[in-house]
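Let me begin by presenting the structure, written as structure tokens, before commenting on it.
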Amino acid sequence: MHRFFVSPEQFDSGHPVIRGQDVRHMVKVLRLGPGDVVHLLDGRGRAARARIDSVGRQEAALTRLEEFTPGGEPPVEVTLVQGLAKGDKMDLVIQKSTEMGVAGIIPLVCRRSVVRLEGARADERRDRWQRLAVEAAKQCRRARVPLVRSPQSLGEVLSEIPSGTASILPWEEERDRSLGDLLQGERPGRVYLFIGPEGGFEASEVEEARRRGVAAVTLGPRILRTETAGLVSLALIMHKWGDLG
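Position in the sequence shown (from 1) plus 1 gives the number in this note's numbering.
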């Protein structure tokens, strides 16, 4: 069944409307028309079947049928707090972490961050990243689109971590505890995963995070790039506490 994301407002309507590029994809690629049934998703985990009533050049009108539980979301909610990275590295991280089941992504401004985003430039970049998350969610048939936040400082993120969250920070200087050791514990409902930028976290940042209850861990003897460390850590978390593999 073909799937289309719509806004929560359109999802709640008895006669939702699909607009933009999805209409062209519906007609030109999928060859769908009046009478065909598709799945609508609101990007927050809800899904419903809907029948196409009419298709124009710019929009398609549908009638909503029954709502159903789509499944496909992991049992643990992981927020990836990713240090801002240069070039297309952030694009890669957002695409692949979405495929792996991440619930949210917070770009993190660190002391060693080379990339600096402010004002309109930050808003434009966030909008682009959100579009990438939508496309990745479509490709891997997720019912939920991760929310990509605007860039935040470490202090801002630490101050908002919900109580009961397992917060993890891989760091190349950690020697006593590995991510594998930490994952032997009981599965939490929510995880915040902190990944440093190129150059890693400064020791003072790690200490600040530790004071807020974040667990520093090692990923092993090899130092991973920023775009690799988050995806490797996320894969291990999803394998042990989620539904990957």
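Note that beta-carbon positions come from the ideal geometry of N, C-alpha and C, so glycine has one too.
The structure displayed is predicted, hence computed values, not measured ones.
Check whether residue i and residue j have beta carbons under 9 Å apart
{"i": "P108", "j": "L85", "result": "yes"}
{"i": "K87", "j": "E199", "result": "yes"}
{"i": "G102", "j": "E74", "result": "yes"}
{"i": "I106", "j": "L66", "result": "no"}
{"i": "V56", "j": "F5", "result": "no"}
{"i": "F241", "j": "R188", "result": "First, the amino acid is wrong: residue 241 is Lys here, not Phe. Yes."}
{"i": "L1", "j": "I169", "result": "Since the first and last residues shown for the chain are 2 and 246, residue 1 lies out of range."}
{"i": "A217", "j": "W172", "result": "yes"}
{"i": "A144", "j": "L42", "result": "yes"}
{"i": "A167", "j": "G186", "result": "yes"}
{"i": "Q83", "j": "G243", "result": "no"}
{"i": "R122", "j": "V149", "result": "no"}
{"i": "M239", "j": "V135", "result": "no"}
{"i": "D54", "j": "H16", "result": "yes"}
{"i": "S1", "j": "D124", "result": "The question about residue 1 has no answer here: the residues shown for the chain are numbered 2 through 246."}
{"i": "V146", "j": "T99", "result": "yes"}
{"i": "G36", "j": "R52", "result": "yes"}
Residue of the options minimising C-alpha distance to residue i
{"i": "A62", "options": "G21, T70 and V79", "result": "G21"}
{"i": "I95", "options": "A137, D54 and T64", "result": "A137"}
{"i": "L72", "options": "I224, R142, A230 and V158", "result": "In the sequence on display, residue 72 carries Gly and not Leu. Checked all of I224, R142, A230 and V158; the closest Cα to G72 is R142."}
{"i": "G120", "options": "K90, P147, E174 and Q153", "result": "Q153"}
{"i": "S179", "options": "P222, K29, F202 and T64", "result": "P222"}
{"i": "E157", "options": "E206, R176 and T227", "result": "E206"}
{"i": "S175", "options": "L220, V77, L148 and L155", "result": "A small fix is needed here, since residue 175 is Glu in this sequence, not Ser. For the residues L220, V77, L148 and L155, the minimum Cα distance to E175 belongs to L220."}
{"i": "E228", "options": "P76, Q59 and L93", "result": "L93"}
{"i": "Q59", "options": "R52, P35 and V28", "result": "V28"}
{"i": "Q131", "options": "M91, R117 and L155", "result": "M91"}
{"i": "R213", "options": "L155, R52 and D37", "result": "L155"}
{"i": "D89", "options": "R129, D23 and H26", "result": "R129"}
{"i": "G181", "options": "R117, R25, H26 and V233", "result": "V233"}
Cβ distance (whole Å) where residue i is taken to contact residue j below 8 Å
{"i": "L225", "j": "V79", "result": "L225 to V79, Cβ: 18 Å. No contact."}
{"i": "I19", "j": "V7", "result": "6 Å"}
Any non-hydrogen atom of the ligand PLP within 8 Å of residue i CB
{"i": "L155", "result": "With respect to the ligand PLP, the structure shown offers nothing to examine, as it has no ligands at all."}
Subject >> beta strand (DSSP E) runs wholly inside the region 172–241, at least 3 long, in chain order >> reply: 191–196 and 216–218
**OP:** List in chain order: all unbroken alpha helix (DSSP H) runs of 4+ residues lying wholly within the region 50–95.
**Re:** Those alpha helix (DSSP H) runs which fall completely within the region 50–95 and span 4+ residues do not exist here.
**OP:** Decide if the region 6–25 is in contact with the region 37–51; the criterion is three or more beta carbon pairs, one per stretch, under 8 Å apart.
**Re:** yes
Original post:
Is it a yes or a no for the region 108–127 touching the region 159–168, going by three-plus beta-carbon pairs under 8 Å?
Top reply: no
Subject >> Segments of 3+ residues assigned as beta strand (DSSP E) that fall wholly inside the region 149–175 >> reply: 167–171
Original post:
Counting only runs that start and end within the region 92–140, where is the beta strand (DSSP E) found for 3 or more residues in a row?
Top reply: Entirely contained in the region 92–140, the beta strand (DSSP E) runs reaching 3 residues are, in chain order, 105–110.
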